[in-house]
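Note that this note's numbering numbers the sequence shown so that position 142 is 275, with each residue one more than the last.
Where is the CB? At the ideal position from N, CA and C, for every residue including glycine.
The next block holds one structure in the form of structure tokens; read it before the comments.
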Amino acid sequence: MRWRVTLLDNREKEWNLPTNATGQDLFDEVCECLNLLERDYYGLAIWDSQHTKTWLDVSRQIIRQVSGFVFSVKFYPPDPTKITEDITRYLLCLQLRKEILTGRLPCPSDTLPVLGSFILQSEFGQYDPDLLGDAYIRGLYLAPNQKSEDLQRMKELHQTYGSMSAAQADFLFLQNVKQLRMYGTDLHPAKDSDGEDVLLGVCSAGVVVYKEDEIENKFMWPRVLKLSYRRARFLIKTRPLQGDEWTTVFTLSSFRACKRLWKVCVEHHGFFRLSTAEPSRLNFLPWSKFRFHGHTEAESLRASADVTRPAPLFSRRARPNTGTVSVCVSPVHNTSHCSISVSNRLKKRFCTSRSGNTHTHTHTHTHRHPKVKGENIYVRHSMLMLEVLDVVLQHHASIRELKRIFMEAVPEPQPSEWEQHLSIHTSFHLEMELDSKEEVIR
134 MRWRVTLLDN REKEWNLPTN ATGQDLFDEV CECLNLLERD YYGLAIWDSQ HTKTWLDVSR
194 QIIRQVSGFV FSVKFYPPDP TKITEDITRY LLCLQLRKEI LTGRLPCPSD TLPVLGSFIL
254 QSEFGQYDPD LLGDAYIRGL YLAPNQKSED LQRMKELHQT YGSMSAAQAD FLFLQNVKQL
314 RMYGTDLHPA KDSDGEDVLL GVCSAGVVVY KEDEIENKFM WPRVLKLSYR RARFLIKTRP
374 LQGDEWTTVF TLSSFRACKR LWKVCVEHHG FFRLSTAEPS RLNFLPWSKF RFHGHTEAES
434 LRASADVTRP APLFSRRARP NTGTVSVCVS PVHNTSHCSI SVSNRLKKRF CTSRSGNTHT
494 HTHTHTHRHP KVKGENIYVR HSMLMLEVLD VVLQHHASIR ELKRIFMEAV PEPQPSEWEQ
554 HLSIHTSFHL EMELDSKEEV IR
């Protein structure tokens, strides 16, 4: 069967999978296409309405669930600067830009110009009046409450950043956006015990109750004893600092909405609070079937610290004057048609197999760029800028010419661990054959 997935840059891709494929198979194929290694923060979802979404259960077969998925951030890291790879941070930035644009993540008027300036630096690079002109920000729409003064302030800040790399701009964007009050909050409309409308926000710290855009109550994970639901009622049993246990009841629009909220809470609690995921247990009780599947944040951070592959190459192509900043995440090597068939081999998670030899697939065919050996931020930025070297040579000083010559020096290819392993075993077998031949001659 063919399954369609919308990526964070609004591209749509299709995959051919067998009818018995699970959600994990499809999710692994999407991550392979994006060359994404730190994938535990992401998931596949379907939007039931403008404000509600259902997450794909990776442990079940896809055919029994929904179709038409959206690749999205599922767990927002409390400190996104701890992410190791640039591609992971960049995809997180794309998700947060969408939330600011749609209003799901409210952004104050004094913070919007700062965030917008980092977006401009990430997409357009260093400000060049000859290349960009004065109207390059005309028509850009980044937030519902955006004003013309905000665009002018974004442009002024963009001019002060100089040669800041795109990766640095994403890093600073995340440092500022994580300070927003509703960062990483999954909102669910409900009613409290008095029948008044509230929003239940599930985040890394717990469940937050919003009433008229103000925080009404907080249920932090260390204080939560039990989460349950009965029909359309959602119950939170907490342990206060003093006194007996207390149960707070909220009413949602339907049983399905209540169960969806309960699942989101279980997964967030498991991801952010557990050191290791609990093993799956067979249980025939209907209220005990669902468990958190996957790796926890602690496991993901430990695995990210061990990533040793070179930084993946991807291009950022900004499209100004279209109302939004739309960006294409395109790897620059090993490209082919986007329709992919799942192989028979099992897909291993990155924490158990951390080899960087992944194959990516896109709509377009591109050529292999010369690789530059190094891991610092300047080397990465130079690799990203290889596609526009003509523009760089035309508008930059002689010091950048010297840097380009230095960065284009291609190091001698070194054998990989697998090639070294093969060479050792090949030489060993050759020696054994020679010894056996000598004995025969004697």
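ask   = Taking the alpha-carbon positions, what's the residue 145 to residue 356 distance?
value = Your numbering for residue 145 matches position 12 in the sequence shown. Your numbering for residue 356 matches position 223 in the sequence shown. Residue 145 and residue 356: Cα-Cα distance of roughly 42 Å.
message = I need the DSSP call for residue 216, collapsed to helix, strand or coil.
response = Here residue 216 corresponds to residue number 83 of the sequence shown, with the count starting at 1. Three-state DSSP puts residue 216 in coil, outside helix and strand.
ask   = Which value, in whole angstroms, describes the spacing of the CA atoms of residue 178 and residue 260?
value = As a working mapping, residue 178 is identified with position 45 in the sequence shown. As a working mapping, residue 260 is identified with position 127 in the sequence shown. As the crow flies, the alpha-carbon of residue 178 is around 37 Å from that of residue 260.
request  = Report buried or exposed for residue 408, applying the criterion of at least 16 other Cβ atoms within 10 angstroms of its Cβ.
outcome  = In the sequence shown, residue 408 corresponds to position 275, counting from 1. Its Cβ having fewer than 16 others within 10 Å, residue 408 is exposed.
query = Which one of 154, 142, 284, 141 has the shortest CA to CA distance from residue 135?
reply = Along the sequence shown, read from residue 1 onward, the residue named residue 135 stands at position 2. Relative to the Cα of residue 135, the nearest Cα in the group 154, 142, 284, 141 belongs to 154.
inquiry  = Which of the three DSSP states is assigned to residue 322 in this structure?
reply    = Here residue 322 refers to the residue found at position 189 of the sequence shown. It is a strand residue.
request  = For residue 387, collect the residues of the same chain with a Cβ closer than 7 Å to its Cβ; drop the 5 residues on either side in sequence, then sort them by chain order.
outcome  = In the sequence shown, counting from the first residue as 1, residue 387 sits at position 254. Excluding sequence neighbours, residue 387 sits near 365.
C-beta atoms of residue 202 and residue 138 nearer than 7 Å = On the sequence shown, position 69 is the one that residue 202 refers to. On the sequence shown, position 5 is the one that residue 138 refers to. Result yes, Cβ atoms of residue 202 and residue 138 sit closer than 7 Å.
request  = Check the C-beta distance from residue 363 over to residue 187 and give it rounded, since I have them as a contact under 8 Å.
outcome  = Stepping through the sequence shown from its first residue, residue 363 is reached at position 230. Stepping through the sequence shown from its first residue, residue 187 is reached at position 54. With a beta-carbon spacing of about 21 Å, residue 363 and residue 187 fall beyond the 8 Å limit used to define contacts.
request  = Mind checking who residue 379 pairs with in its DSSP beta bridge?
outcome  = Position 246 of the sequence shown holds residue 379. Partner(s): 371.
query = With C-beta atoms as the reference, is residue 156 less than 7 Å away from residue 191?
reply = For the purposes of this step, residue 156 is taken as the residue at position 23 of the sequence shown. For the purposes of this step, residue 191 is taken as the residue at position 58 of the sequence shown. Yes; because the gap between Cβ atoms is below 7 Å, this pair is in contact.
request  = Within 10 angstroms of the Cβ of residue 276, are there 16 or more other Cβ atoms? Answer buried if so, exposed if not.
outcome  = Counted from its first residue, the sequence shown places residue 276 at position 143. Classification of residue 276: buried, given that the 10 Å Cβ count is 16 or more.
ask   = Is it right to say residue 353 is buried, meaning 16 or more other beta carbons lie within 10 angstroms of its own, or is it exposed?
value = Here residue 353 refers to the residue found at position 220 when the sequence shown is read from its first residue. Answer is exposed; the Cβ neighbour count stays below 16.
Any 3 or more C-beta pairs closer than 8 Å across the region 280–293 and the region 208–220 = Between the region 280–293 and the region 208–220, the count of Cβ pairs shorter than 8 Å is below three; the stretches do not touch.
query = residue 191 by DSSP, collapsed to three states: which one?
reply = For this step, residue 191 is matched to residue 58 along the sequence shown. DSSP places residue 191 in coil when its eight states are reduced to three.
ask   = Cα-Cα, which of 372, 163, 225 is closest to residue 305?
value = Working through the sequence shown from its first residue, we reach residue 305 at position 172. Considering only alpha carbons, the answer is 225.
ask   = residue 635 by DSSP, collapsed to three states: which one?
value = Any property of residue 635 remains undetermined from this structure, which presents the chain solely from 134 to 575.
key: Alpha-carbon to alpha-carbon, residue 141 and residue 175   = Counting from one through the sequence shown, the residue named residue 175 turns up at place 42. Counting from one through the sequence shown, the residue named residue 141 turns up at place 8. Cα-Cα distance, rounded: 11 Å.
task = Using 10 angstroms around the beta-carbon of residue 148, count the other beta-carbons present and answer buried if the total reaches 16, otherwise exposed.
result = For the purposes of this step, residue 148 is identified with residue 15 of the sequence shown, where counting begins at 1. Per the 10 Å Cβ criterion, buried.
Inter-residue spacing [alpha-carbon to alpha-carbon] between residue 258 and residue 297 = By 1-based counting over the sequence shown, the position of residue 258 is 125. By 1-based counting over the sequence shown, the position of residue 297 is 164. Straight-line Cα distance between these residues: approximately 7 Å.
task = Work out the CA separation of residue 240 and residue 405 for me, nearest whole Å.
result = As a working mapping, residue 405 is identified with position 272 in the sequence shown. As a working mapping, residue 240 is identified with position 107 in the sequence shown. Annotation: residue 405 to residue 240 spans about 25 Å, alpha carbon to alpha carbon.
Cα-Cα separation, residue 173 to residue 245 = Translated into positions along the sequence shown, residue 173 becomes position 40. Translated into positions along the sequence shown, residue 245 becomes position 112. One C-alpha to the other measures close to 29 Å.
ask   = For residue 156, does the three-state DSSP call read helix, strand or coil?
value = Translated into positions along the sequence shown, residue 156 becomes position 23. Looking at residue 156 - three-state DSSP - the assignment turns out to be helix.
query = Got a sec? Which residues, its chain only, sit under 6 Å from residue 335 by beta carbon, not counting five neighbours each side?
reply = Counting from 1 along the sequence shown, the entry for residue 335 is found at position 202. So the qualifying residues of the chain are 319, 397, 398, 401.
key: Presumed contact (8 Å Cβ cut-off) between residue 216 and residue 168, rounded CB distance   = Walking along the sequence shown from the start, residue 216 turns up at place 83. Walking along the sequence shown from the start, residue 168 turns up at place 35. In fact, because the Cβ distance is near 15 Å, the residues do not count as touching under 8 Å.
request  = Scan the region 276–312 and note each continuous alpha helix (DSSP H) run of 4 residues or more that stays entirely inside, going in chain order.
outcome  = 281–292, 299–310, all fully within the region 276–312.
key: Local conformation of residue 248 per DSSP, three classes   = On the sequence shown, position 115 is the one that residue 248 refers to. The answer is helix: DSSP assigns residue 248 an H, G or I state.
query = In this structure, does DSSP put residue 390 in helix, strand or coil?
reply = Position 257 of the sequence shown, counted from the first residue, corresponds to residue 390. Reduced to three states, the DSSP call for residue 390 is helix.
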